[in-house]
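One structure is given here, and the rest of the page talks about it.
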Amino acid sequence: MARTGGKRRQPRHRDDQPFRGNHFSAVLSAALSFLVVVTIGETMLGAYLYDQDSKRHLDSLAQASVLRAKVESELNSILYLSSGLGGYLTVRNDSMDRREINDILAALYRSSRHVRNFGIAIGYRITYIHPICGNEQAIGLNYPDQADQWPIVRKVIDEGKPVLAGPVDLVQGGRGVVFRVPLTIGGKYWGLLSTVIDSDTMFSSVNLHADQGRYRFALRGKDGSGRSGGAIWGDMAIFDEPEAVIQDIDVPGGLWAIAVKPTGAATPPYVQTVARMVSMVLGALVAWLVATLIRNRSELARNALYDTLTGLPNRVLLEDRAEMAFARQQRNPEQLCALVFFDLDGFKEINDEYGHKAGDAVLKITATRAKAAVRSNDTVARWGGDEFIVLLENVTSDLIETLTGRLRTNLQTPVEFEGQQLGVGISIGVAVHPVGGSLDETLKTADQRMYDEKLARRTAAA
Numbered sequence: 003m004a005r006t007g008g009k010r011r012q013p014r015h016r017d018d019q020p021f022r023g024n025h026f027s028a029v030l031s032a033a034l035s036f037l038v039v040v041t042i043g044e045t046m047l048g049a050y051l052y053d054q055d056s057k058r059h060l061d062s063l064a065q066a067s068v069l070r071a072k073v074e075s076e077l078n079s080i081l082y083l084s085s086g087l088g089g090y091l092t093v094r095n096d097s098m099d100r101r102e103i104n105d106i107l108a109a110l111y112r113s114s115r116h117v118r119n120f121g122i123a124i125g126y127r128i129t130y131i132h133p134i135c136g137n138e139q140a141i142g143l144n145y146p147d148q149a150d151q152w153p154i155v156r157k158v159i160d161e162g163k164p165v166l167a168g169p170v171d172l173v174q175g176g177r178g179v180v181f182r183v184p185l186t187i188g189g190k191y192w193g194l195l196s197t198v199i200d201s202d203t204m205f206s207s208v209n210l211h212a213d214q215g216r217y218r219f220a221l222r223g224k225d226g227s228g229r230s231g232g233a234i235w236g237d238m239a240i241f242d243e244p245e246a247v248i249q250d251i252d253v254p255g256g257l258w259a260i261a262v263k264p265t266g267a268a269t270p271p272y273v274q275t276v277a278r279m280v281s282m283v284l285g286a287l288v289a290w291l292v293a294t295l296i297r298n299r300s301e302l303a304r305n306a307l308y309d310t311l312t313g314l315p316n317r318v319l320l321e322d323r324a325e326m327a328f329a330r331q332q333r334n335p336e337q338l339c340a341l342v343f344f345d346l347d348g349f350k351e352i353n354d355e356y357g358h359k360a361g362d363a364v365l366k367i368t369a370t371r372a373k374a375a376v377r378s379n380d381t382v383a384r385w386g387g388d389e390f391i392v393l394l395e396n397v398t399s400d401l402i403e404t405l406t407g408r409l410r411t412n413l414q415t416p417v418e419f420e421g422q423q424l425g426v427g428i429s430i431g432v433a434v435h436p437v438g439g440s441l442d443e444t445l446k447t448a449d450q451r452m453y454d455e456k457l458a459r460r461t462a463a464a
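In this text, residue positions in the sequence shown follow my numbering: the first is 3, and each later residue adds one.
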């Protein structure tokens, strides 16, 4: 027998439409979750890469400063020596003999680093050179006859200031940078002191300090022409590298430019690949968890309104739809609403004899057949056990009779289960809902009429 409470329920859900888009909602939420996680991962990776690039840039700046200082130190040790020698020659020009000059040049040569030779020109012709061995071809060289050196020499003479020139191809072989100091007596040009510096050994010495191969460096600014000048040492392509740090070096007569670039990538490509893979895996995991959570919550919400075995609306949803149907009837009294209450005769015996699996099969088929017997807008609900209720809205007395007849015909057909024909009967009670009446009263009426039919059948059988 059906049992109902006396309290009128408020409508909760008009139909099951909210559940039809759950799959789309789960997919959309999962996709958004995936995108959010991947975006966060990319943002974090970008921040990490930016931090690494910033650190590399700062390290490169520091290394450039170290290398610049080293170049300046190597140069200055030679330039100061040469400038001092030039001053000594200017003061002692009228009292020195050839032997004294050669002794001074030899002593300075022994105490210097990276110096290939010292040369002294009286006028424009080289008169003294040390060491002589290997530099014999330079003795007697007349600067105006040297097309590649004369412009710089003329500049030194005209301006009266020291100039660091080169690198140049040397007459005695090889290449070097040349520090030229004009020698003046009484404000007039007297001669020229040239110090040829072995640029290869000097810059190689500097490169030994380039943090054990972590950095590459190059120099440009031939003849003191700065960043736009010709090559001095190293690969000029370094100046065009995006990561290169470029600094100026003050030299007599102009500027040199030093470019420093770290070797290798800031972050190995495989690190970025692994980070992105981890981000995508985490995104996929979060997406799966979100989709699962939404499906589970949707399933819980659906189970609160639908019978899990038959898929039919349960009591809660039936009462909700009945309240709405009765409210519409209240506004249009000519529209009849009715409740058809039915249960299965012999269902207990099927459960006892064939087991609950057979009983479940009978209930599922009953649900399918009941929905097929009524209209698509009618509600077939499972009330509990083997009891079912059909809510009919906007019907006539004849239509009620027709629909209940279909129910009897469909539901009394035996159910086939594992080769067995399981016969069931049906008892039906119909109650037309009175305008202004309550759901509980109509349910009681339908329940009582179903019970009366069942009792009458048993009495007739007895």
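Don't be surprised by glycine CBs; every beta carbon is placed ideally from N, CA and C.
Among residues of its own chain, excluding the 5 on either side of L405, which ones have a beta-carbon nearer than 8 Å to its beta-carbon?
The residue labelled residue 405 in the question sits at position 403 within the sequence shown. Excluding sequence neighbours, L405 sits near V342, A375, V376, R377, D380, V392, L394 and V397.
So for E321, helix, strand or coil by DSSP?
The residue labelled residue 321 in the question sits at position 319 within the sequence shown. In this structure, E321 counts as helix in the three-state DSSP scheme.
Look up K157 in the DSSP assignment and say whether it is helix, strand or coil.
Your numbering for residue 157 matches position 155 in the sequence shown. Of the three classes helix, strand and coil, the one that applies to K157 here is helix, per DSSP.
Identify, in the order they occur along the chain, each residue of the same chain with its Cβ nearer than 8 Å to the Cβ of Y308, setting aside the five sequence neighbours on each side.
One-based indexing of the sequence shown puts residue 308 at position 306. Closer than 8 Å at Cβ, skipping near neighbours: D18, L314, P315, N316 and L319.
Sorted by chain position, which residues of the same chain lie with C-beta nearer than 8 Å to A33's C-beta, five sequence neighbours on each side aside?
The residue you call residue 33 lines up with position 31 of the sequence shown. Only A289 meet the Cβ criterion.
Are there 16 or more other CB atoms within 10 angstroms of the CB of P13, so buried, or fewer, so exposed?
Taking the first residue of the sequence shown as position 1, residue 13 is located at position 11. With a pLDDT of only 41 at P13, under 50, the local geometry of the prediction cannot be trusted, and the value read off the model is given with reservation. Its Cβ having fewer than 16 others within 10 Å, P13 is exposed.
Taking only runs of the alpha helix (DSSP H) that begin and end inside the region 341-376, which ones reach a length of at least 4 residues, in chain order?
Every alpha helix (DSSP H) stretch that sits fully inside the region 341-376 and reaches 4 residues is listed by chain position as 349-356 and 358-375.
Buried or exposed for G387, please, with buried defined as at least 16 other CB atoms from any protein chain shown within 10 angstroms of its CB.
Stepping through the sequence shown from its first residue, residue 387 is reached at position 385. G387 should be labelled exposed.
State buried or exposed for H358, treating a residue as buried only when at least 16 other CB atoms are found within 10 Å of its CB.
Counted from its first residue, the sequence shown places residue 358 at position 356. H358 comes out exposed.
Between I134, D354, L83 and E418, which lies nearest to S113 when the distance is taken from Cα to Cα?
The count along the sequence shown starts at 1 and reaches residue 113 at position 111. The candidate whose alpha carbon is nearest that of S113 is L83.
To the nearest angstrom, report how far apart L413 and I296 are at their CA atoms.
As a first step, residue 413 is located in the sequence shown; it is residue number 411 there, counting from the start. As a first step, residue 296 is located in the sequence shown; it is residue number 294 there, counting from the start. When rounded, the distance between both Cα atoms is 37 Å.
Thinking just about the alpha-carbon of each residue, which of L91, C135 and R278 is nearest to the one in V40?
The count along the sequence shown starts at 1 and reaches residue 40 at position 38. Across the set L91, C135 and R278, the C-alpha of R278 shows the shortest separation from the C-alpha of V40.
Boundaries (first-last residue) of the beta strand (DSSP E) holding Y191:
Looking up residue 191 in the sequence shown gives position 189. For Y191, the uninterrupted beta strand (DSSP E) run begins and ends at K190 to I199, by DSSP.
Could you check which residue in Q65, M204 and R58 has the C-alpha nearest to that of R115?
Working through the sequence shown from its first residue, we reach residue 115 at position 113. Closest by alpha carbon: M204.
DSSP three-state call for Q414: helix, strand or coil?
Within the sequence shown, numbered from 1, the residue matching residue 414 stands at position 412. Three-state result, Q414: coil.
Pick from E351, I42 and T415 that is closest to I367, judged by C-alpha positions
Mapped onto the sequence shown, residue 367 falls at position 365. Taking the Cα of I367 as reference, the smallest distance to any Cα among E351, I42 and T415 is reached at T415.
Could you tell me which of G407, V417, Y453 and E403 sits nearest to V531, measuring between CA atoms?
With the chain running from 3 to 464 in the structure shown, residue 531 is simply not present.
Which whole runs of the alpha helix (DSSP H) in the region 232-272 are 4 residues long or more, in chain order?
Whole alpha helix (DSSP H) segments, 4+ residues: zero.
On the DSSP bridge assignment, give the partners of F36 in chain order.
Taking the first residue of the sequence shown as position 1, residue 36 is located at position 34. F36 is not bridged to any residue.
Taking buried to mean at least 16 other C-beta atoms within 10 Å of its own C-beta, is A462 buried or exposed?
For this step, residue 462 is matched to residue 460 along the sequence shown. Flag for A462 reads exposed.
Determine which residues share a DSSP beta bridge with N119 and list them.
Counted from its first residue, the sequence shown places residue 119 at position 117. According to DSSP, which records beta bridges pairwise, N119 is partnered with V198.
Tell me Q423's beta-bridge partners as DSSP assigns them.
Within the sequence shown, numbered from 1, the residue matching residue 423 stands at position 421. E418.
Cβ-based neighbour list, V155, same chain, cut-off 6 Å, excluding 5 preceding and 5 following:
Here residue 155 refers to the residue found at position 153 of the sequence shown. Excluding residues within five positions, the ones whose Cβ falls inside 6 Å are Y145.
At least 3 beta-carbon pairs within less than 8 Å: the region 66-85 vs the region 95-103
Using a C-beta cut-off of 8 Å, the region 66-85 makes no contact with the region 95-103, since fewer than three inter-stretch Cβ pairs fall below that distance.
Looking at C-beta atoms only, is the number of pairs between the region 189-200 and the region 259-276 that lie closer than 8 Å three or more?
Touching, no.
Can you tell me whether Q151 is buried or exposed, with buried defined as 16 or more other CB within 10 angstroms of its CB?
Here the question's residue 151 lines up with position 149 in the sequence shown. A buried status is given to Q151, since no fewer than 16 other beta-carbon atoms sit within 10 Å of its beta-carbon.
Would you give the residue range spanned by the beta strand (DSSP E) that A220 belongs to?
What you label residue 220 is simply residue 218 of the sequence shown in a count that begins at 1. Y217 to R222 is the span of the beta strand (DSSP E), which, as asked, contains A220.
From the DSSP output, which residues share a beta bridge with C135?
In the sequence shown, counting from the first residue as 1, residue 135 sits at position 133. None; C135 has no bridge partner.
Verify whether the separation of the beta carbon atoms of A363 and V417 is less than 8 Å.
Your numbering for residue 363 matches position 361 in the sequence shown. Your numbering for residue 417 matches position 415 in the sequence shown. Result yes, Cβ atoms of A363 and V417 sit closer than 8 Å.
Can you find at least 3 beta carbon pairs, one from the region 156-169 and one from the region 130-138, that sit closer than 8 Å?
Result no; under three Cβ-Cβ pairs closer than 8 Å.
8 Å CB neighbourhood of R410 in its chain, flanking five on each side removed:
On the sequence shown, residue 410 is found 408 positions in, with the first residue counted as 1. Counting only Cβ-Cβ distances below 8 Å, and skipping sequence neighbours, we find I428 and I430.
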